[in-house]
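Trainee: The sequence shown lines up with residues 0 to 370 when you count with numbering that gives the first Met the number 0.
Note that beta-carbon positions come from the ideal geometry of N, C-alpha and C, so glycine has one too.
Quick one: the structure is below, questions incoming.
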Amino acid sequence: MNKSNVIIKSPGRVNLIGEHIDYNGGYVLPAATDLFIKFTFSISDKDFSEIKSNVINKKFNVDLTNLKKSTVKWENYIIGSLISILKKRNINLYNFNCLIEGNLPVGSGISSSSSLICGFVKGINLLNNLNFNKNDLLTISREVEYDFIGLKGGIMDQFTIINAKKNNLILLNTIDNSSKFIPADLGNYKLLLLNTNKKHDLSDSSYNDRVAECNKAKRIINESGIDIKFLTEVNKDQLNRLINKMPKSIYNRARYVIEENERTKKSVEFIKGFNLESFGELMYLSHKGLKDLYEVSCSELDFLVDETIEHNQILGARMMGGGFGGCTINLIHSEFIHFFIEKISSKYLNKFSIPLSPIITSLGGGLSQEK
Ligand code: GLA
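Put into structure tokens, the structure is as follows:
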């Protein structure tokens, strides 16, 4: 029996552009953050397992021989992972202690839930010598979120957390999960996240409605005789010809998806060509689309984006992640960051009576074991 501790670091993810595209078969441009969840696992002699989170100050026990859904939401990320692991490898797992620590904010659009699941699955894998490869980790963690938690999202978060490389973006094609690393050379600019502290739990939000609306758009397009598997396979002209065949809101969702996918492809060219000004403009257009066409923004996020427009030192800003709260991502000149943080924090507090949490983030590596 392996008696030593297994320590895992699991990052969060940012996404530069390509929002709500990963379940529509398009391109996304995420990376891992240097913020992470740290897990310390050890094998236990008890006949139950203990999970303790210092991040949210909660703990609970599980009986590995009788795993069932909890009424406490966060416990289900762990329980669902264990069920999924046991489905993949039908063997007895060791009882364990798992301590969860770290600095990744919860419910802020930086993918704390996927990070929790991926890190936990990797830890149990190592503790029990299950020999999961990256693909196994990906399918197991996706299954937990999709089937057990019920968030009908795409693969972007888990893919990034498992595969990320320090200082690189991942250009991920969600049609076939093929990917390329793009060095994130942002010169004098940095990525600043502004966390609204408006907590969002995507599985309780309209996230799944958006997935259903995209599927509806696809159905209408297919019924018109254009045969597609993914919404990104039609172009804007084809969609515009069907404008009278679908409700306005469904047309808007599809239009956003097609435009955002094009923006992501262009962004990669701009970033590779060090044309950050043009990339920044696309970030603003992405936000506008998410707000007006896809309708997943909220007043706090809109305020934070609007407040950047008058500053030339900020090249672009947009809401990031699933929406309905969470944070904005800003491409900002490093010398302007501290001045701006001070200014925006006090304005935000005045307006919403909630403190703003700014996070200057660098791009980190993927899921790792600490030796
Ligand atoms: C959440 C989901 C992802 C993705 C984003 C929006 O983070 O987990 O799969 O859809 O929202 O881009």
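Do you know offhand how far residue 234's Cα is from residue 262's?
Mentor: What you label residue 234 is simply residue 235 of the sequence shown in a count that begins at 1. What you label residue 262 is simply residue 263 of the sequence shown in a count that begins at 1. Residue 234 and residue 262 have their alpha carbons spaced roughly 13 Å apart.
Trainee: So, residue 285 versus residue 16, is the Cβ gap smaller than 9 Å?
Mentor: For the purposes of this step, residue 285 is taken as the residue at position 286 of the sequence shown. For the purposes of this step, residue 16 is taken as the residue at position 17 of the sequence shown. Yes, these two residues count as a Cβ contact at 9 Å.
Trainee: Should the region 192-202 be regarded as contacting the region 60-68, the criterion being three or more beta carbon pairs within less than 8 Å?
Mentor: no
Trainee: Which residues bound the alpha helix (DSSP H) around residue 278?
Mentor: Indexing the sequence shown from 1 puts residue 278 at position 279. Start and end: 275-287.
Trainee: Label residue 0 either buried or exposed according to how many other C-beta atoms from any shown protein chain fall within 10 Å of its C-beta, with 16 as the threshold for buried.
Mentor: Your numbering for residue 0 matches position 1 in the sequence shown. Interpretation of residue 0 is limited by its pLDDT of 48, a score under 50 that renders its predicted location unreliable; no figure is taken from the coordinates.
Trainee: Going straight from the alpha carbon of residue 176 to that of residue 311, what length do you get?
Mentor: Stepping through the sequence shown from its first residue, residue 176 is reached at position 177. Stepping through the sequence shown from its first residue, residue 311 is reached at position 312. Near 36 Å, if we compare the C-alpha coordinates of residue 311 and residue 176.
Trainee: Go ahead and pull the three-state DSSP assignment for residue 319.
Mentor: Within the sequence shown, the letter at position 320 stands for residue 319. Coil, per DSSP.
Trainee: Closer than 8 Å: is that where the CB of residue 120 sits relative to any heavy atom of ligand 1?
Mentor: Counting from one through the sequence shown, the residue named residue 120 turns up at place 121. No, the Cβ of residue 120 stays beyond 8 Å of every heavy atom of ligand 1.
Trainee: Give a single yes or no on whether residue 139 has its beta carbon closer than 8 Å to a heavy atom of ligand 1.
Mentor: Counting from one through the sequence shown, the residue named residue 139 turns up at place 140. Residue 139: no, Cβ never under 8 Å from ligand 1.
Trainee: Since I believe residue 54 is in contact with residue 99 (beta carbons under 8 Å), could you give me their beta-carbon distance rounded to a whole number of angstroms?
Mentor: Residue numbering aside, residue 99 sits at position 100 when the sequence shown is read from its first letter. Residue numbering aside, residue 54 sits at position 55 when the sequence shown is read from its first letter. The Cβ separation is near 6 Å, so the contact holds.
Trainee: Quick one: Cα of residue 119 to Cα of residue 148, how far?
Mentor: Residue mapping note: residue 119 aligns to position 120 of the sequence shown, counting from 1. Residue mapping note: residue 148 aligns to position 149 of the sequence shown, counting from 1. Straight-line Cα distance between these residues: approximately 15 Å.
Trainee: So what's residue 369 in DSSP terms, helix, strand or just coil?
Mentor: One-based indexing of the sequence shown puts residue 369 at position 370. If DSSP states are grouped into helix, strand and coil, residue 369 belongs with the strands.
Trainee: If we count the other Cβ atoms within 10 Å of its Cβ and call it buried at 16 or more, is residue 338 buried or exposed?
Mentor: If you number the sequence shown from 1, residue 338 lands on position 339. Exposed: under 16 other Cβ atoms inside 10 Å.
Trainee: Given a cut-off of 9 Å on the beta-carbon distance, is the pair residue 18 and residue 319 in contact?
Mentor: Along the sequence shown, one-based indexing puts residue 18 at 19. Along the sequence shown, one-based indexing puts residue 319 at 320. Yes, the Cβ-Cβ distance between residue 18 and residue 319 is below 9 Å.
Trainee: Looking at residue 27 and ligand 1, is the gap between the Cβ and the nearest heavy atom below 8 Å?
Mentor: Taking the sequence shown and counting its residues from 1, one reaches residue 27 at position 28. Yes, the beta carbon of residue 27 sits closer than 8 Å to at least one heavy atom of ligand 1.
Trainee: Compute the distance between the beta-carbons of residue 192 and residue 29, then report whether it is under 9 Å.
Mentor: Sequence index remark: in the sequence shown, residue 192 carries index 193 (1-based). Sequence index remark: in the sequence shown, residue 29 carries index 30 (1-based). Contact flag unset, no.
Trainee: By Cβ distance below 6 Å, which residues in the same chain neighbour residue 362 in space, the five residues on each side in sequence not counted?
Mentor: One-based indexing of the sequence shown puts residue 362 at position 363. For residue 362, same chain residues with a beta-carbon under 6 Å away, outside a window of 5 residues either side, are 30, 166, 183 in chain order.
Trainee: Using a threshold of 8 Å, is the CB atom of residue 22 nearer than that to any non-hydrogen atom of ligand 1?
Mentor: Residue 22 sits at position 23 when you count from the first residue of the sequence shown. Yes, since a heavy atom of ligand 1 falls inside the 8 Å radius drawn around the Cβ of residue 22.
Trainee: Kindly list the residues whose CB is nearer than 7 Å to the CB of residue 290, restricted to its own chain and excluding five residues on each side of it in sequence; keep chain order.
Mentor: Mapped onto the sequence shown, residue 290 falls at position 291. For residue 290, where only same-chain residues beyond five positions count, the Cβ hits under 7 Å are 296, 301.
Trainee: Would you decide whether residue 27 is buried or exposed? Buried here means 16 or more other CB atoms lie within 10 Å of its CB.
Mentor: In the sequence shown, counting from the first residue as 1, residue 27 sits at position 28. Buried, because 16 or more other Cβ atoms sit within 10 Å of the Cβ of residue 27.
Trainee: Can you grab the Cα-Cα spacing for the pair residue 155 / residue 92, in whole Å?
Mentor: On the sequence shown, position 156 is the one that residue 155 refers to. On the sequence shown, position 93 is the one that residue 92 refers to. Using only the alpha carbons, I get a separation of about 29 Å.
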